[in-house]
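Residues 1 to 322, numbered by UniProt numbering, are exactly what the sequence shown covers, in order. All C-beta atoms, glycine included, are put in the ideal place defined by N, C-alpha and C. Below: one structure, written as structure tokens.
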Amino acid sequence: MSSVVIGPWEVDPDLNRKDMPNAVMKAEALEDVFGHEAARIAIEHGYVTGFANARSTNDSAIPHDRRLKNFVMRFPDADTAAAVASLLAAADRFGPGPLAPIVLPTHLDTHAIAGVSDKGKQVVAAFTPRGPFVLYQWGETSSTDTAAQLVSATLDKQLPAIEEFTPTDVTKLVNLPRDPSGLVARTIGQKEQKSINSGYAYDRRGSLNFTLDPLAVAAIEEDAGVELMSGGAATVFQTKDAAAATRMMTGLIQLAAKGRPGQAGSKLTDAVPNLPGSHCVADENSNTCYATMDRYVIEAEQRELLDAQQLAAAQYRVLQSK
């Protein structure tokens with residue numbers, strides 16, 4: 001589902017700051033999105049799975065603070081989704097004050113509510129049923145009108161995307177192959193499963209949900225013909241060929257050197273010993289080492305440089321041996 005959930009940056013290019021984990025949402029995590037009562041309603045109506053992402057513009061270089069969450073939820077069937085959308089809108093709670101229904105003129109089947117966030121911003125939250133899915137948006141801006149426009153613009157893109165998506169039958173989800181490409185098996189896993197998103201391979205669109213700068217990375221991945229991304233202890237990108245992998249590694253290093261608004265870029269540091277063509281960069285928080293093996297790009301980030309170097313070298317050996 002990650003590849004059919006519209007990224008906030010696709011609605012507004014300034015919505016490019018990752019400010020919450022973009023993730024597969026299990027039922028027990030729904031209270032991280034809604035209030036307790038709305039989460040209970042979703043679970044009682046057979047919530048199956050979902051994928052959520054959120055971005056904001058609260059970098060110091062961007063003057064108007066805006067935030068957008070986009071969350072696609074799956075239910076057992078279309079009738080359930082249609083019934084639960086209105087119930088979720090009625091039960092959802094946020095902010096210190098009262099909430100009021102609001103109409104989105106271009107999306108009359110959407111159940112939307114308006115209120116004020118804990119930060120004092122104006123919010124429009126919306127629930128739209130479509131097939132077995134309920135589409136949820138949270139637009140947080142300086143005015144209700146702007147928030148409503150942000151939500152409507154998201155639906156303009158999300159509705160066609162979800163209508164083109166053919167989901168796996170619910171009864172077959174349990175048997176869905178976890179690693180059909182074999183790339184996950186070739187990626188060093190985390191010692192402890194720190195992220196629900198690890199242990200899977202994502203296509204090019206899906207991989208952008210996990211990047212710090214999806215707009216820039218999208219261009220790098222397109223040029224390299226990225227086919228899959230697998231995240232574990234290290235991240236591995238499968239590109240179209242070895243030359244593309246080298247270009248992608250160079251692009252990622254250049255992007256790290258630029259930094260983000262208000263933040264210093266990374267600086268080159270010692271490469272991985274005995275791994276020709278590797279590069280490592282450091283910023284104030286971490287060290288990241290890059291290497292290529294045939295058509296694969298390795299990205300290994302750790303707090304300490306030695307740990308990043310060792311992880312990159314180990315990942316290289318795994319790719320080389322399988």
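If you check the CB distance, L88 and V151 do not come in under 9 Å. Rounded to whole angstroms, the separation of the alpha carbons of A313 and V272 is 7 Å.
Measuring C-alpha to C-alpha distances from E10 to each of Q238, K258, G265 and L208 identifies L208 as the nearest. Here DSSP, grouped into helix, strand and coil, assigns V84 to helix.
Two segments are said to touch when three or more pairs of C-beta atoms, one from each, lie closer than 8 Å; by this definition the segment 147 to 164 touches the segment 102 to 121.
By the C-beta criterion, the segment 47 to 56 is judged not to be in contact with the segment 95 to 102, since fewer than 3 inter-stretch pairs fall below 8 Å. Sorting L228, D270 and H279 by C-alpha distance to the C-alpha of G251 places H279 at the top.
Using a C-beta cut-off of 8 Å, the segment 218 to 228 makes no contact with the segment 169 to 179, since fewer than three inter-stretch Cβ pairs fall below that distance. Residue pairing for E221: DSSP places it in no beta bridge. At least 9 Å separates the beta-carbon of H111 from that of A83. Separation of the CB atoms of R67 and E140 is rounded to 4 Å, and the pair is thereby assigned contact status at 8 Å. In summary, R295 is buried, with 16 or more beta-carbon neighbours lying within 10 Å of its beta-carbon over all protein chains present. Residue ranges of uninterrupted beta strand (DSSP E) with 3 or more members, entirely inside the UniProt domain "DUF7373" (185 to 320) and ordered along the chain, are 228 to 231, 235 to 238, 267 to 269, 279 to 282, 287 to 293 and 296 to 302. Under DSSP, K119 takes part in no beta bridge, so it has no partner.
Closest by C-alpha distance to V281, out of G115, R74 and E299, is E299. Between the alpha carbons of L305 and R317 lies a distance of about 19 Å.
Just so you know, the alpha carbons of D307 and I253 end up roughly 18 Å apart. Looking at the DSSP output, W138 shares a beta bridge with K69 and A125. Among the bridge pairs identified by DSSP, H111 is matched with F127.
Beta-bridge partners of F94 (DSSP): none assigned.
Look at N53 here: in three-state DSSP terms it is strand. In this structure, DSSP gives R17 an extended state, which the three-state scheme calls strand. Looking at the backbone, the Cα of T187 and that of A243 are separated by about 21 Å. In terms of CA proximity to P160, V4 leads the group D79, V4, P276 and S321. T288 counts as buried, since no fewer than 16 other beta carbons sit within 10 angstroms of its beta carbon. Here R178 carries a coil assignment [DSSP, helix/strand/coil].
Contact check for G189 and G232: beta-carbon distance about 4 Å, within the 8 Å limit, so the pair qualifies. Per DSSP, A100 is one residue of the beta strand (DSSP E) stretching across A100 to I102.
In the structure shown, the three-state DSSP call for V33 is coil.
Here R303 is exposed. Its C-beta has fewer than 16 other C-beta atoms within 10 Å. A distance below 8 Å between beta-carbons, with the five flanking residues on each side excluded, links I41 to the following residues of its chain, in chain order: V84, L87, L88 and A91. Beyond the five residues adjoining it in sequence on each side, F34 comes within less than 6 Å, by CB distance, of D92 in the same chain, given in chain order. In the DSSP assignment, S3 falls outside any alpha helix (DSSP H), carrying neither H nor E. Judged by DSSP secondary structure, L183 falls outside any alpha helix (DSSP H); it is assigned neither H nor E. Note on I162: 16 or more other CB atoms within 10 angstroms of its CB, so buried under the neighbour-count rule.
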